[in-house]
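The structure appears below as C-alpha cells.
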Amino acid sequence: MSCGEPHETDCSEILDHLYEFLDREMPDADCTKFEQHFEECSPCLEKYGLEQAVKKLVKRCCGHDDVPGDLRAKVMGRIDLIRSGQAVPETDVTAPQES
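For the sequence shown, the residue numbers in the working numbering are 80 to 178.
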C-alpha cells in the first residue's frame, strides 16, 4: 500500500511496525516519524485508523477474560528468558504440563 508519493519513511516500514506504534512500544522519535508519515499519506492513515478501531473493538469485547495464573507465569518466564538472551526451549507454553 502506498499513495505513490515519496516519503522520508517508506509505507512498507510504517505498515510493518504499525502495531508497535499502536501499542506505544517504540521510542518517541519513531512515533514522531509515524505521525509525520500519517500526515502525508492518507492510505497509511486509513490503515492506521482501521487497525486502531479493530484493536478497540477486541479490547471492548474480549478484554475481560482472566488469564490463568500458571499460563501468565509461563509466558512471563519465557519473556524473561528472551530478554536475558538465554536459549528458549521450543515447548508450547499453553500445553498442559505432565506430572
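Cβ coordinates follow ideal geometry from the N, Cα and C atoms, glycine included. On a predicted model such as this, the values are computed, not experimentally measured, just so you know.
For His-116 and Met-105, believed in contact at Cβ under 8 Å, the rounded distance
In the sequence shown, counting from the first residue as 1, residue 105 sits at position 26. In the sequence shown, counting from the first residue as 1, residue 116 sits at position 37. Not a contact, Cβ separation roughly 13 Å.
Determine the burial state of Cys-140: buried for a count of at least 16 other Cβ atoms within 10 Å of its Cβ, exposed for fewer.
For the purposes of this step, residue 140 is taken as the residue at position 61 of the sequence shown. Answer is exposed; the Cβ neighbour count stays below 16.
For Tyr-127 versus Leu-150, is the C-beta distance shorter than 9 Å?
As a first step, residue 127 is located in the sequence shown; it is residue number 48 there, counting from the start. As a first step, residue 150 is located in the sequence shown; it is residue number 71 there, counting from the start. No.
Going by beta-carbon coordinates alone, are Cys-90 and Cys-110 separated by less than 9 Å?
By 1-based counting over the sequence shown, the position of residue 90 is 11. By 1-based counting over the sequence shown, the position of residue 110 is 31. In this structure, Cys-110 does not lie closer than 9 Å to Cys-90 by Cβ.
Could you give the DSSP three-state label for Asp-109: helix, strand or coil?
Locating residue 109 in the sequence shown gives position 30, counting from the first residue. Correct three-state label for Asp-109: helix.
By alpha-carbon positions, which one of Leu-124, Gly-156, Thr-88 and Leu-94 ends up nearest to Ala-108?
Within the sequence shown, the letter at position 29 stands for residue 108. Considering only alpha carbons, the answer is Thr-88.
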